[in-house]
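Chemist: Residue numbers (my numbering), protein chains in the order written: chain S, 15 to 314; chain P, 2 to 522; chain A, 28 to 246. The following block contains the structure, expressed as structure tokens.
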Amino acid sequence: MQKLFRILLSIDRRIIFLVIFLALTVPIFLRMKIDIDVTREVQIFYDAIEALPSGSRVLVSCDYDPGSEPELQPMAETAFKHFIRKKIRFAIIGLWPQGPTQASRALVMINEAKGRYIIENNDTLTVGRDIVVVGQDTIRYGKDFINLGFQSGNELVIQRLGSSITAVFPNDFRGVATSSYPIMSGLNRLADFDFIFNLSAGYPGTVEWVQFAVDRFHVPCGAGNTAVQAPQVYPYLDAGQLTGLMGGMKGGAEYEKLTGYTAKATMSMVSQTAAHIFVVLFIVIGNLAYFMTRGKKENH
Amino acid sequence: MKYISYILLLIILPLTLWFLHQPERPATISSLPFDLTVINTPGYTSGTISLNWFKAPAENAGDSYSIMRSESPNGPFTEISNFVTSSEHLASKIRQFTDTLASEGRAYYYKVAAKTATGNLESSVVGPIQSQAVSAPPDTTPRAEEILFPPTQLSAFDTRNDGGHSITLEWKISPNDVPKSLKFNGYEIYRSARPDMPFTLVGDATGGESDYSRHVKTFTDGNDVDNGKAYYYYVVAKFDGQIAKSNVVGPIQASIQYFHMGRLISVLLLGILVGMILFYINQAKAGKDLFIRKIAGLEAVDEAVGRATEMGKKVFYVPGTQDMDNVQTIAGLTILSRVAKLTAEYETKLEVPVSRSLVMVTAREIVKESYLNAGRPDFYNDDMVYYLTDDQFGYAAAIDGMVVRQKPATIFYQGAFYAESLILAETGNSIGAIQIAGTAMPAQLPFFVAACDYTLIGEELFAASAYLSREPKLLGSLKGQDIGGKLVFLSLSIIFIIIVSVAVFTNPALVEQVGRIFSVN
Amino acid sequence: MKREIPLLLTAIVGFTFLIQFFIPHPFLRFLADMFSDWFSIIAAAAIWLGALNLIRVSLEKINKKESDWFYAIVTIASFLLIVIIGFFFSGGRSFQDPGTRFDWIYLNIYTPLMATMFAMLAFFVASASYRAFRARNAQATVLLLAAFLVMLGRTPFGDWLSSIVFLPKGWGISNISNIIMNYFNVAGQRAIMIGIALGTVSTSLRIILGIERTYLGGD
Numbered sequence: 015m016q017k018l019f020r021i022l023l024s025i026d027r028r029i030i031f032l033v034i035f036l037a038l039t040v041p042i043f044l045r046m047k048i049d050i051d052v053t054r055e056v057q058i059f060y061d062a063i064e065a066l067p068s069g070s071r072v073l074v075s076c077d078y079d080p081g082s083e084p085e086l087q088p089m090a091e092t093a094f095k096h097f098i099r100k101k102i103r104f105a106i107i108g109l110w111p112q113g114p115t116q117a118s119r120a121l122v123m124i125n126e127a128k129g130r131y132i133i134e135n136n137d138t139l140t141v142g143r144d145i146v147v148v149g150q151d152t153i154r155y156g157k158d159f160i161n162l163g164f165q166s167g168n169e170l171v172i173q174r175l176g177s178s179i180t181a182v183f184p185n186d187f188r189g190v191a192t193s194s195y196p197i198m199s200g201l202n203r204l205a206d207f208d209f210i211f212n213l214s215a216g217y218p219g220t221v222e223w224v225q226f227a228v229d230r231f232h233v234p235c236g237a238g239n240t241a242v243q244a245p246q247v248y249p250y251l252d253a254g255q256l257t258g259l260m261g262g263m264k265g266g267a268e269y270e271k272l273t274g275y276t277a278k279a280t281m282s283m284v285s286q287t288a289a290h291i292f293v294v295l296f297i298v299i300g301n302l303a304y305f306m307t308r309g310k311k312e313n314h
Numbered sequence: 002m003k004y005i006s007y008i009l010l011l012i013i014l015p016l017t018l019w020f021l022h023q024p025e026r027p028a029t030i031s032s033l034p035f036d037l038t039v040i041n042t043p044g045y046t047s048g049t050i051s052l053n054w055f056k057a058p059a060e061n062a063g064d065s066y067s068i069m070r071s072e073s074p075n076g077p078f079t080e081i082s083n084f085v086t087s088s089e090h091l092a093s094k095i096r097q098f099t100d101t102l103a104s105e106g107r108a109y110y111y112k113v114a115a116k117t118a119t120g121n122l123e124s125s126v127v128g129p130i131q132s133q134a135v136s137a138p139p140d141t142t143p144r145a146e147e148i149l150f151p152p153t154q155l156s157a158f159d160t161r162n163d164g165g166h167s168i169t170l171e172w173k174i175s176p177n178d179v180p181k182s183l184k185f186n187g188y189e190i191y192r193s194a195r196p197d198m199p200f201t202l203v204g205d206a207t208g209g210e211s212d213y214s215r216h217v218k219t220f221t222d223g224n225d226v227d228n229g230k231a232y233y234y235y236v237v238a239k240f241d242g243q244i245a246k247s248n249v250v251g252p253i254q255a256s257i258q259y260f261h262m263g264r265l266i267s268v269l270l271l272g273i274l275v276g277m278i279l280f281y282i283n284q285a286k287a288g289k290d291l292f293i294r295k296i297a298g299l300e301a302v303d304e305a306v307g308r309a310t311e312m313g314k315k316v317f318y319v320p321g322t323q324d325m326d327n328v329q330t331i332a333g334l335t336i337l338s339r340v341a342k343l344t345a346e347y348e349t350k351l352e353v354p355v356s357r358s359l360v361m362v363t364a365r366e367i368v369k370e371s372y373l374n375a376g377r378p379d380f381y382n383d384d385m386v387y388y389l390t391d392d393q394f395g396y397a398a399a400i401d402g403m404v405v406r407q408k409p410a411t412i413f414y415q416g417a418f419y420a421e422s423l424i425l426a427e428t429g430n431s432i433g434a435i436q437i438a439g440t441a442m443p444a445q446l447p448f449f450v451a452a453c454d455y456t457l458i459g460e461e462l463f464a465a466s467a468y469l470s471r472e473p474k475l476l477g478s479l480k481g482q483d484i485g486g487k488l489v490f491l492s493l494s495i496i497f498i499i500i501v502s503v504a505v506f507t508n509p510a511l512v513e514q515v516g517r518i519f520s521v522n
Numbered sequence: 028m029k030r031e032i033p034l035l036l037t038a039i040v041g042f043t044f045l046i047q048f049f050i051p052h053p054f055l056r057f058l059a060d061m062f063s064d065w066f067s068i069i070a071a072a073a074i075w076l077g078a079l080n081l082i083r084v085s086l087e088k089i090n091k092k093e094s095d096w097f098y099a100i101v102t103i104a105s106f107l108l109i110v111i112i113g114f115f116f117s118g119g120r121s122f123q124d125p126g127t128r129f130d131w132i133y134l135n136i137y138t139p140l141m142a143t144m145f146a147m148l149a150f151f152v153a154s155a156s157y158r159a160f161r162a163r164n165a166q167a168t169v170l171l172l173a174a175f176l177v178m179l180g181r182t183p184f185g186d187w188l189s190s191i192v193f194l195p196k197g198w199g200i201s202n203i204s205n206i207i208m209n210y211f212n213v214a215g216q217r218a219i220m221i222g223i224a225l226g227t228v229s230t231s232l233r234i235i236l237g238i239e240r241t242y243l244g245g246d
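Given below as structure tokens:
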């Protein structure tokens, strides 16, 4: 028995990795589902978006890269669907280089229109890029949404947006003059936005948006963060500086539940739950083995 | 003397903060409890007066409102109509009534009394309003089902605490501007240099309040506003084909403010901190002995490098994943200086893989100088410090690969890290290296604590330069930071926490005011 | 002068940003914006410095057949592949648009690689937790219990467990998890953040005033 405990005290990490791998993958193949409760912070974010009148303008800052895609991309997709349903116009920027590309990808993923192109008023519109259809709603690039692209400078970008949007983003993601688009009419500076939605995986991210946009320019901001970063941002939520927070995949799943757009985050919750359970089990086994072998050592 | 000054400071400081904080602008005035408003109905040839009010709390179908009118503010009031709430009305938050029996030219006062199942509620008296014909603005839908009431209490002022060329407008939103209204189309803001000249459109705003505590909508006009030039404004609400104009305000001029009054408190607190730091630096320069507690992670640096020397293996130094504009990177490079000096003295191989080009350049200078100061310039090689990639996980993958293949005896992680922290630390742990980490990223500290042998937590990283060099000026700054920052600020925090904790039960408005003292505008 | 000029530049730029925060004069704002632009330009230009260094070091490794030189070949090949495809075979300015070759590389190579590295965290958290969370003393035991509650509370399993154990409403595992995260964790994080903020102010002041000079090389 002691020998067993000594083995359990120092399990080869590869066995741990294998068990976690199985815990994460088996539920996906078995297509298991699980019910989730909505937390206060996600509800606050959802309510804030619901309270925005039709025609409001939201700045979406995608500050993440593919490494955080599993946690943040479902939030982006659900948020875009939510905005489209509420007829909220949005402008996408990125303080991380890959952010705007991730946002483009999210729009392509949520698009329900078939085919590659749509001809409208003699214009050829690329589906997923110039025109996005979700349910009964259609949005058009330049009129209902715009992608301004990435700008280097971290929090200095936010600071400069406070003075002028076109000075920081003279051209959009495609290299066309920003001021030529109808959506930019009346949008001169950061304070002209009605809400900021930030998806953040690190620096620069939510902390910088709170410090430079909310505190200085008084634009309400809601955020989606990775599970690792979320605890760091809770103080801002409690202080009222952040209007809602979605933390990790569970936050994304809760938001999907509230909006009714059940998708990736919800489906991944079972895997996450299984992995958590096994981590707890390993800790219990490790401690049990520790106490059983420690007692023996003390006796000796 | 020290203690008396401290106590005096703790008495004077809160009072100073209280008097220095920039007060908030006043809220708009609403007549309670229904916010009853009255206007001469636009588009009617004979004088008619429209009333608008917000529904009573817990209103149900069948509840009624008695509309009363008088020609004197003190009454007597006569009931002129009874508005009964039907189930169709319940979808809307506002109630309207048009008094078609008002005599043209006479002034009237109105009030509304609600009779609901939960009790009766009466509004305050609103008026006087002189009944007169008002033409409807051009291009509006006449005789609409819901009458558009204008935005009111428009005020304009020079935007506070800015560099000029900006005027801020605030107004009380139109009663028709309710959340989720599909008919309300927002506001347009018009400006002119003179009230008798044509006004031009300078911007638009969506519906909804900007400040829920003060019940105002805010718009900042920065379109070609000249400092010192007078401007006049009005705001137009748009609803279901109708438009309604607010009062005209002006003249108002934009100007530069030479100090941000909203940040006066920040200046004061920063001044105290900086003053303390400079004071103790001077004390240290004067030869005063300053105590610094033991920091295990820094004490272990010598031992860690020595271990690598004995084993004949390398020392890896990872200075974080952020650039030179991050203070943690600079703090991390300070420790690199010390580590490089030791590796030079012990002739141990040092590798510094970096994630940013500017960090590479700086780290090379530091390592080169350290080797020179140690008298071992021949052991220095530029390739000891090399760039890998800016990409977070590419960097982690590269370092992991090198750690697993080359198996260094000692690994330092000093600087700003993100999610890659655990990947790096666990890989280092798996090969049995001694690991000393230091970061001021609160989210990454638990990972380093779990996987590394020693961890410098937060400000211990910033204290490293003072700790390792024992230079009096640096030690003095540490002491100043502790006294000014921790002792004074934390004492201040405790005082205000006590005030706020009591105020929550006795005077909730005080809680908000204290919050405003410490918010940075 | 080699040290004096950088110190002077640091002081000028540092004080400009500091003063600009309190004095909103357009000229100071202009200076601050200009300095921010300069940093962006320098940082962007410096990428070439790093990239060229990477290529040079990798080429030397291949040339001298040093240990792990094979990985240097992979590094250079990947670097050149992406640069050439991005610059010349991906439609010019719209190289990041969906459908281009560059986008294909991003979607099918870069994204899975990044996601893989990030996913390794799940495995490392498990192995680190197994090794580190031992109830060696009272504090470690409290940490252990908190870890259990937070991990279980973050998943629907915690809610299910609470219902089985018949905990009173509002005292389920997920509620306790939220209490730990929103109060205890926040208190701890705030304390660390206060210390970090003070340390940052102090270090920044030392750098601006030129008291801290290690980053320039030497003591």
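Each residue gets a CB set at the ideal place from its N, CA and C atoms; glycine is no exception.
Measure the alpha-carbon distance for I145 (chain S) versus G108 (chain S) and round it to whole angstroms.
Modeler: If you number the first sequence from 1, residue 145 (chain S) lands on position 131. If you number the first sequence from 1, residue 108 (chain S) lands on position 94. Approximately 21 angstroms between the Cα atoms of the pair.
Chemist: Give a yes or no on whether 8 angstroms exceeds the smallest Cβ distance from G156 (chain S) to chain P.
Modeler: The residue given as residue 156 (chain S) occupies position 142 in the first sequence. With 8 angstroms as the cut-off, G156 (chain S) does not count as an interface residue toward chain P.
Chemist: How long is the line joining the alpha carbons of I523 (chain P) and L18 (chain P), rounded to whole angstroms?
Modeler: In the structure as shown, chain P begins at 2 and stops at 522. Residue 523 (chain P) is therefore absent and cannot be evaluated.
Chemist: Would you list, in sequence order, the uninterrupted alpha helix (DSSP H) runs of no fewer than 4 residues that lie entirely inside the segment 176-212 of chain A?
Modeler: Whole alpha helix (DSSP H) segments, 4+ residues: 183-192 and 200-206.
Chemist: Would S156 (chain A) count as contacting chain S if we go by Cβ distances under 8 angstroms?
Modeler: Residue mapping note: residue 156 (chain A) aligns to position 129 of the third sequence, counting from 1. Taking Cβ atoms only, chain S reaches closer than 8 angstroms to S156 (chain A), which makes this a yes.
Chemist: At the 8 angstroms Cβ level, is D26 (chain S) part of the contact set with chain P, yes or no?
Modeler: Walking along the first sequence from the start, residue 26 (chain S) turns up at place 12. Taking Cβ atoms only, chain P never reaches closer than 8 angstroms to D26 (chain S), which makes this a no.
Chemist: Using a Cβ-Cβ distance under 8 angstroms, would L23 (chain S) count as near chain P?
Modeler: Start at 1 with the first residue of the first sequence, and residue 23 (chain S) comes out as number 9. Not one chain P Cβ lies under 8 angstroms of L23 (chain S).
Chemist: DSSP state of Y233 (chain P), grouped into three classes?
Modeler: Along the second sequence, read from residue 1 onward, the residue named residue 233 (chain P) stands at position 232. The answer is strand: DSSP assigns Y233 (chain P) an E or B state.
Chemist: Which two residues bound the contiguous beta strand (DSSP E) that contains N168 (chain S)?
Modeler: For this step, residue 168 (chain S) is matched to residue 154 along the first sequence. N168 (chain S) -> no beta strand (DSSP E), and no H or E assigned at all.
Chemist: Could you give the first and the last residue of the continuous alpha helix (DSSP H) run that contains L147 (chain S)?
Modeler: Along the first sequence, read from residue 1 onward, the residue named residue 147 (chain S) stands at position 133. The sequence given here places Val at residue 147 (chain S); Leu does not occur at that position. Per DSSP, V147 (chain S) belongs to no alpha helix (DSSP H); it is in the beta strand (DSSP E), I145 to V148.
Chemist: Closer than 8 angstroms is the cut-off here; do at least three beta carbon pairs connect the segment 37-54 of chain P with the segment 95-102 of chain P?
Modeler: They touch, by the three-pair rule.
Chemist: Check whether chain S comes within 8 angstroms of Y261 (chain A), counting only Cβ atoms and requiring the distance to be less than that.
Modeler: The requested residue 261 (chain A) is not part of the displayed model; chain A covers only 28 to 246.
Chemist: Taking 8 angstroms as the threshold (beta carbon to beta carbon), is S70 (chain S) in contact with chain P?
Modeler: Within the first sequence, residue 70 (chain S) is the residue found at index 56, counting from 1. Chain P contact via Cβ: present.
Chemist: Of all the residues that make up the segment 427-441 of chain P, which are near chain A by a beta-carbon distance shorter than 7 angstroms?
Modeler: For the segment 427-441 of chain P, which is checked against every Cβ of chain A, the residues closer than 7 angstroms are E427 and A441.
Chemist: For I153 (chain S), report the span of its alpha helix (DSSP H) as first-last.
Modeler: Residue 153 (chain S) sits at position 139 when you count from the first residue of the first sequence. Careful: I153 (chain S) lies outside any alpha helix (DSSP H), inside the beta strand (DSSP E) at D151 to R154.
Chemist: Within 8 angstroms of any Cβ in chain S, is that where the Cβ of T182 (chain A) sits?
Modeler: Walking along the third sequence from the start, residue 182 (chain A) turns up at place 155. It does; some Cβ of chain S falls within 8 angstroms.
Chemist: Could you tell me whether the segment 104-112 of chain P touches the segment 128-135 of chain P, using the rule of 3 or more Cβ pairs below 8 angstroms?
Modeler: With a cut-off of 8 angstroms, the segment 128-135 of chain P and the segment 104-112 of chain P count as touching, because enough Cβ pairs lie within range.
Chemist: Does the beta carbon of H90 (chain P) come closer than 8 angstroms to any beta carbon on chain A?
Modeler: Taking the second sequence and counting its residues from 1, one reaches residue 90 (chain P) at position 89. Not closer than 8 angstroms to any Cβ of chain A, the Cβ of H90 (chain P) fails to qualify, so no.
Chemist: Keeping to the same chain, check which residues put their C-beta closer than 7 angstroms to that of L188 (chain A); ignore five residues upstream and five downstream.
Modeler: Stepping through the third sequence from its first residue, residue 188 (chain A) is reached at position 161. L179 and I200, listed in sequence order.
Chemist: Could you work out which residue in A:F145, A:I82 and A:F44 is closest to P84 (chain S) when comparing CA atoms only?
Modeler: Along the first sequence, read from residue 1 onward, the residue named residue 84 (chain S) stands at position 70. When only C-alpha atoms are compared, the closest one is A:F145.
Chemist: Measuring only the C-alpha atoms, how far is S85 (chain A) from I100 (chain A)?
Modeler: Locating residue 85 (chain A) in the third sequence gives position 58, where the first residue counts as 1. Locating residue 100 (chain A) in the third sequence gives position 73, where the first residue counts as 1. Between S85 (chain A) and I100 (chain A), the C-alpha separation is close to 7 angstroms.
Chemist: For I299 (chain S), which beta-bridge partners are listed by DSSP?
Modeler: In the first sequence, the residue the question calls residue 299 (chain S) occupies position 285. In the DSSP output, where bridge partners are listed per residue, I299 (chain S) has none listed.
Chemist: If we ignore side chains and look at the alpha-carbon of each, how far apart do W96 (chain A) and D384 (chain P) end up?
Modeler: Translated into the one-based positions of the third sequence, residue 96 (chain A) becomes position 69. Translated into the one-based positions of the second sequence, residue 384 (chain P) becomes position 383. Those two C-alpha atoms are separated by around 15 angstroms.
Chemist: In three-state terms, what does DSSP make of K239 (chain P)?
Modeler: Counting from 1 along the second sequence, the entry for residue 239 (chain P) is found at position 238. Correct three-state label for K239 (chain P): strand.
Chemist: Whose Cβ in chain P lies nearer than 7 angstroms to the Cβ of M147 (chain A)?
Modeler: Taking the first residue of the third sequence as 1, we reach residue 147 (chain A) at position 120. Under the 7 angstroms cutoff, chain P gives I424.
Chemist: Contact criterion: CB-CB distance below 8 angstroms. Does D68 (chain A) meet it with respect to chain P?
Modeler: Start at 1 with the first residue of the third sequence, and residue 68 (chain A) comes out as number 41. A small correction: the amino acid at residue 68 (chain A) is Ile; Asp does not occupy that position in the sequence shown. Taking Cβ atoms only, chain P never reaches closer than 8 angstroms to I68 (chain A), which makes this a no.
Chemist: With a threshold of 16 other CB atoms inside 10 Å of the CB of F42 (chain A), please say whether the residue is buried or exposed.
Modeler: Counting from 1 along the third sequence, the entry for residue 42 (chain A) is found at position 15. The residue is exposed, with fewer than 16 neighbouring Cβ atoms inside 10 Å.
Chemist: So, using beta-carbon positions, are A62 (chain P) and T117 (chain P) closer together than 8 angstroms?
Modeler: Along the second sequence, read from residue 1 onward, the residue named residue 62 (chain P) stands at position 61. Along the second sequence, read from residue 1 onward, the residue named residue 117 (chain P) stands at position 116. No, the Cβ-Cβ distance between A62 (chain P) and T117 (chain P) is not below 8 angstroms.
Chemist: What first and last residue would you give for the alpha helix (DSSP H) that runs through M123 (chain S)?
Modeler: Position 109 of the first sequence holds residue 123 (chain S). It spans G113 to I124 - the alpha helix (DSSP H) in which M123 (chain S) sits, taken as one unbroken run.
Chemist: Taking all protein chains shown into account, do 16 or more other C-beta atoms lie within 10 angstroms of the C-beta of R30 (chain A), making it buried, or fewer, making it exposed?
Modeler: The residue you call residue 30 (chain A) lines up with position 3 of the third sequence. Exposed.
Chemist: Hey, V489 (chain P) and I266 (chain P): beta-carbon distance below 8 angstroms or not?
Modeler: Here residue 489 (chain P) is taken as the residue at index 488 of the second sequence, counted from 1. Here residue 266 (chain P) is taken as the residue at index 265 of the second sequence, counted from 1. No. Outside cutoff.
Chemist: Give a yes or no on whether the minimum CB-CB distance between S201 (chain A) and chain S is below 8 angstroms.
Modeler: The sequence position of residue 201 (chain A) within the third sequence is 174, counting from 1. Closer than 8 angstroms: yes.
Chemist: At a CB-CB cut-off below 7 angstroms, which residues of chain P make contact with V40 (chain S)?
Modeler: Locating residue 40 (chain S) in the first sequence gives position 26, where the first residue counts as 1. Those do not exist, as V40 (chain S) stays about 24 angstroms from chain P at its closest Cβ, beyond 7 angstroms.
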